[in-house]
Structures are given as structure tokens and as C-alpha cells.
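Take any residue in the sequence shown, count from 1 to its spot, add 41: that is its number in this note's numbering. Using N, Cα and C, we set each Cβ at its ideal position, and we do this for glycine too. As the structure is a prediction and not an experimental result, all values here were calculated from the model.
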Amino acid sequence: MSAPAPKGGRLAGRIALITGASRGIGAAVARRYAAEGARLILVARTVGGLEEVDDAVRAAGGEPATLVPLDLSDGEAIDRLGASLYQRFGRLDILVGNAGILGTLGPITHIRPQVWSAVLDINLTANWRLLRSLDPLLRQSQAGRAIFVTSGAAARPRAYWGAYAVSKAALEMMVGIYAAEITKTAVRANLVDPGAVRTGMRAQAYPGEDPATLPTPDEVTEPFVTLAEASCTLNGETVSV
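If you want it as C-alpha cells, here you go:
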């Protein structure tokens, strides 16, 4: 028999959807949110990975999560998501747009068109479609919070970071525009730059780096909690870890 679900916590009773939730930062945020009392909707491509996170949440006493196996390159599926969640929950308190891919690092003129499109689709367009689909649910919340993951790669031009840096820079602009449009609502939108973290993407970008020198995903979850709280008033900001 599992331990009783947490009754208190900084996110008690709040409904949170997290993309890229099967591993890395997304999985860590899911575990932390559950520990803070949130009800989870976990989105990722792999059912097995989602089930592992759900098992960890339950083992820690959290409420069973709603698992949504979804390929974020399927824009029409994202468009249908909002209506489906509205029928079940009636609102969404927290959206965490965490899913992302690195693509190919190298000269920008050498990137294959299909790689460029894939990176922009997942890192930018999918997040726009999520906002488009879920904005009505966030507005149904008394304190809707949208949080997106960015990167230091977006801060200034760096050789060889190509599509990834472009996608994150565009994401930051998109979130800033959305934040400017919701100032008179109860919704707030911000970004988190987690910095260098021990993830698969980091290992892909820096294969010679010793991962033991980096913080784990569990060590960078605090800003995600702070920005998700109903009491948080930040809007259009980037919080760096």
C-alpha cells in the first residue's frame, strides 16, 4: 500500500501539466511538484518513461498522475489537448514547457533542413501551440502560471549553436509577448534558465565533460516551484539558476 498523498505543500491542489516529463529536468520538476501537493498531468513521447515517473511519485506518497503520451511534433494533437483537459479538469493552474531537443551543433549553413525544422518544431512551435491550446484553461485558474525552459545559448550569438540557440531566442520573445498580453489577467508567464545540468542533452552537447561536476536535475527545481505559486507576481521574466 502506498503512502498517503501529501495534503499540504506550496502547490497543494494545483493542477500542473509538464512536458518532457519522462526524464531529466521534466521528471525532477514532476517529483518536486508532487511533493509540494500538485496534481500532475505528465506529457512525453514514451509511455514507459512516464510510468516510471508516476511510480516514483506514488512511492513518495503523491497522487497518481494523468499520463499523456504525446509527440509534440503532432500539432493537431496539441490542439486537441486543451479541450480534452477542460472536459476532465475544467482548468489548468500550471503549464511547464520543458520538452526540447538539441539538434546538430555545427556551422549554421551545414544544418540539414529536416534537423532545423525538427528543432524549431519542438522547441518553439510546440510551445506556441501549447499556449494556444491551454491559454483558455490557464485563464480559468485563479492564478494560472506558464513556465518555459530557456538556455544561456539564447543570450548572445555563439558559433555552432545554430537551430537550438535560434529556437530558444525565439521562445524567449514568444513568452515575453504572451506575458505582455496577459498583464490584466490572473495568468503570469516566465522562463527558467537552469544553467548547466546533468542531463542527456548536456552530455550530447559536451561529451567530454564530467557529469559529476554538474548539479542534478533535482537540484534546479526551486525556481519552477516559486514561479508556479499563486503568490508569485513575476511576469515576463527569466529566472536563472
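| Item | Value |
| --- | --- |
| C-beta contact flag for residue 262 and residue 97 at 7 Å | no |
| Whole-number beta carbon distance between residue 281 and residue 236, since they are thought to touch under 8 Å | 7 Å |
| Secondary structure of residue 129, DSSP reduced to three states | helix |
| In DSSP terms, what residue 235 is bridged to | BP columns for residue 235 are empty, so no partner. |
| Sub-7 Å separation of residue 101 and residue 83 beta-carbons | no |
| Among 276, 89 and 151, the one whose alpha carbon lies nearest that of residue 64 | 89 |
| Stretch pair the stretch 179-191 + the stretch 262-271: three plus CB contacts closer than 8 Å | yes |
| 7 Å CB neighbourhood of residue 194 in its chain, flanking five on each side removed | 202, 205, 206 and 209 |
| Counted within 10 angstroms of its Cβ, other Cβ atoms place residue 131 as buried (16 or more) or exposed | exposed |
| Any chain C beta carbon closer than 7 Å to residue 114 | Absent here is chain C; the protein component of the structure consists of one chain. |
| Beta-carbon proximity of residue 61 to residue 67, cut-off 7 Å | yes |
| Alpha carbon of residue 137 to alpha carbon of residue 231, nearest angstrom | 10 Å |
| For residue 84, the residue or residues it bridges with in DSSP | 60 and 109 |
| Buried versus exposed, by CB contacts within 10 Å (16 or more), residue 45 | Residue placement at residue 45 is poorly supported in this model, since its pLDDT is 47, which falls under 50; the coordinates are not used for a value here. |
| Contact set for residue 152: own chain, Cβ-Cβ below 8 Å, skip 5 residues either direction | 144, 145, 203 and 204 |
| Span of the alpha helix (DSSP H), counted from its first residue to its last, around residue 267 | 263-269 |
| Distance CB(residue 256)-CB(residue 233) smaller than 7 Å | no |
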